[in-house]
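Protein chains in written order, with the UniProt record's numbering: chain Z, 1 to 327; chain X, 1 to 468.
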């Protein structure tokens, strides 16, 4: 078994990969064969064979850790003594955590609204224009950059040097050109949170634009034509025809970005490390649980995050269901 | 969204291809950036005499895994220093370095996949590991413990000891009580190296008086370091506590026998503030006081090269940053940059702040014990010194100082082994993580970034000290 568990060199690893693929094919074939062959198999056996492995993996990889986290949030830092709601009290009452919660609220309100709005305006403006493909590619590009990458890029954009020194950051260079004093964008709270939020919007607007552009394309031509015949155009067309027609898509975009924003971690960690009152729940959870070994507090923060996401997901799912029914 | 026309589907596909291509190009561009750092071709210069290694026995086919915070070039130097051991005993050392070490080690221990050997960068982390995972960490084996007794001072042994049991052996060391400066700038201006704290402050005022424009300041500093932002400020603080309150109070402070907001500590913080929060004295070439908080510590001293500031308090390991800035810079007493000892209150008062890593084992297999003993032996220290061009010393008194290649390392080793200096280990590294890697860093950052008052800072840190 040594060659299998601890392969040497490329040849050995290739062999292990082949074995793994073969194993996968055999297992899948076996399942398909067993399910397909005898005609009189009860339905639940089929369901179990297909869904069972996935359910087991979900239970092991998602449900158990989730329950474990909830349990830990009621225990002390090592998980050895029950402390009741202490961790939650700390998370909601200590000054620094209140700033964390406030920042998370700002993020989750501003990012979805602004990026959806920008995406929507952009989608309407470039729709059927001459430069549509190029314009769409341009705004979609940031989606391809990881959040850490985006954080590093934008850190350079905000870079501060005193007026007497050559500027590195674009924003401060512009300020200097205009004859103004360079600013420390990432230092002064609470404005710095908005400068971090700008990065997330930069990433997410492309996603909003893509989905919304597709939805606008899908508006039946006869509705648009009927509206035109009635003399509707410009802003009123947008207000009374476009927006109501793509409402389900708007909801999906808003909620998806909101969920993504609640989890935001990379941008904050890369750009400020949560310093200068910019920390958010996901970043604080990591810092507390893993860096400072405050597992109970970290777990409590994770649970708070989890509770915050639930209403958004419920709303999202209900909207999706409604959209299906209409169809 | 179901009614998509054929043309728009085709158009969208081109869009997707364009976007996909762009991201692929970015990935490729990102990949091509790496792989340039492996230029240093180091191997132990002298032929290895395997006689010294016979005590470890034949370990052919055995593997020891090592996990640490040391990455990049320094990791290559680490691995190079194991070569004599690997060659002579036949063992394989699997080295893994990670910048997420402090966060990942407890996770790995909890999940039952602890490394054989871990290099703990802080005694505080060692205490936490011993308290949280008493069954996982192994007491130091006999041979390694004997080495510690023979080659290290009592205080270094003490840092690796928790509740009377030796759990870790010292590895590398660094000295923090240094002020970097440019010898030629000092010579041109006719400045002398200060030998007392008062002289240092007089020199600072002198520099202010000699540079009325306000562009050139005596000091420059930077404390940004990702999520560890603030640690250079804690080093400042520790150095000053040692000077204004003395080593005994320092020990009480670190062990929380006096509160963090004790008046003696407040005096020290005010003294640090006299420099770091004084608009006249900082922050040369970088901006106002608050820029200290946003300047990367790695770049904090660079204005010295441009003649915009005169002094930068930072540890011995900062010498690597000068050569990163410009490979032609020479770090020497008559070179472009050099460092002087941060003076005590009087010339006879010589406290020395330093830090280091500690080796702990999580298994007691013979090959792990053998490697652990090797790491605590002079053979390893000498092997490490001979493959490291600069930036590494050890507190091992069996280390041959001749092997240290950079003059800075030689000076640091000299101070470290000089009996007239009172050595103390980095205080924040000894404190519990919630303080030492938490509130102490963040509050010092706030203190500088948003001009938080001394009192509020000390009270907040005291409040965060864990009760159990």
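Just so you know, even glycine gets a beta-carbon here, dropped at the ideal spot from N, CA and C.
Pairing residue 212 (chain Z) with residue 315 (chain Z), the inter-Cα distance amounts to about 19 angstroms.
At a cut-off of 8 angstroms, the C-beta of residue 187 (chain Z) has a neighbouring C-beta in chain X. Per DSSP, reduced to three states, the secondary structure at residue 138 (chain X) is strand. Sequence-distant partners of residue 116 (chain Z) (beyond 5 residues in either direction) whose C-beta falls short of 7 angstroms from its own C-beta, in its chain, are 208, 250, 253, 254, 257. In terms of beta-carbon proximity, residue 65 (chain Z) stays away from the interface with chain X, with every pair separated by 8 angstroms or more. Taking a C-beta distance under 8 angstroms as the contact criterion, residue 175 (chain X) and residue 287 (chain X) do not qualify as a contact pair. Listed by position along chain X, the residues whose Cβ is nearer than 8 angstroms to that of residue 184 (chain Z) are 287, 290, 291, 294. Here residue 448 (chain X) is buried: its Cβ has 16 or more other Cβ atoms, across all protein chains shown, within 10 Å. Linking residue 245 (chain Z) to residue 111 (chain Z) through their CA atoms gives a straight-line distance of about 23 angstroms. Per DSSP, residue 204 (chain X) is one residue of the alpha helix (DSSP H) stretching across 197-210.
Closer than 9 angstroms at the C-beta level to chain X, one finds no residue of the segment 300-314 of chain Z. Distance from the Cα of residue 409 (chain X) is smallest, within the candidate group X:158, X:132, X:159, X:320, for X:320. Between residue 371 (chain X) and residue 148 (chain X) the beta-carbon gap is near 15 angstroms, outside 8 angstroms, which marks them as no contact.
Among the bridge pairs identified by DSSP, residue 227 (chain X) is matched with X:225. Taken through DSSP and simplified to helix, strand or coil, residue 351 (chain X) comes out as strand. The beta carbons of residue 424 (chain X) and residue 247 (chain X) sit closer together than 8 angstroms. The Cβ atoms of residue 62 (chain X) and residue 367 (chain X) lie closer than 8 angstroms to each other.
Under the Cβ distance rule, residue 180 (chain Z) does not count among the residues neighbouring chain X, no pair being separated by less than 8 angstroms.
Going by DSSP, residue 313 (chain X) is part of the beta strand (DSSP E) stretching over 309-313. DSSP places residue 294 (chain Z) in the coil class of the three-state scheme, outside both helix and strand. When 7 angstroms is used as the limit between beta carbons, residue 269 (chain Z) is near these residues of chain X: 227, in chain order. Here residue 340 (chain X) is not near residue 207 (chain X), since their CB atoms are 8 angstroms or more apart.
When the Cα atoms are used, residue 322 (chain X) and residue 302 (chain X) turn out to be separated by approximately 8 angstroms. Where residue 276 (chain Z) is concerned, there is no enclosing beta strand (DSSP E), because DSSP gives it neither an H nor an E. Chain Z has a Cβ within less than 8 angstroms of the Cβ of residue 438 (chain X).
Residue 294 (chain Z) has a beta carbon lying within less than 8 angstroms of a beta carbon in chain X. Exclusion of the five residues before and after residue 250 (chain X) leaves 241, 242, 424 as the residues of its chain whose Cβ lies within less than 6 angstroms of its Cβ.
Residue state for residue 392 (chain X) is assigned as coil, using DSSP reduced to three classes.
Put simply, the segment 175-192 of chain X does not touch the segment 272-290 of chain X. Fewer than three CB pairs are less than 8 angstroms apart. Residue-level contact check: residue 75 (chain Z) does not touch chain X, since none of the beta carbons of chain X fall below 8 angstroms from its beta carbon. Shown in chain order are the members of the segment 88-102 of chain X whose Cβ falls below 7 angstroms from a Cβ of chain Z: 102. Counting of Cβ neighbours within 10 angstroms places residue 36 (chain Z) among the exposed residues, the total staying below 16.
Proximity to residue 163 (chain X) across X:151, X:127, X:142 peaks at X:127, based on C-alpha coordinates. For residue 85 (chain X), the closest alpha carbon among the candidates X:280, X:369, X:124 is that of X:369.
For residue 26 (chain Z) and residue 259 (chain Z), the gap between their C-alpha atoms comes out near 39 angstroms. Taken through DSSP and simplified to helix, strand or coil, residue 236 (chain X) comes out as helix.
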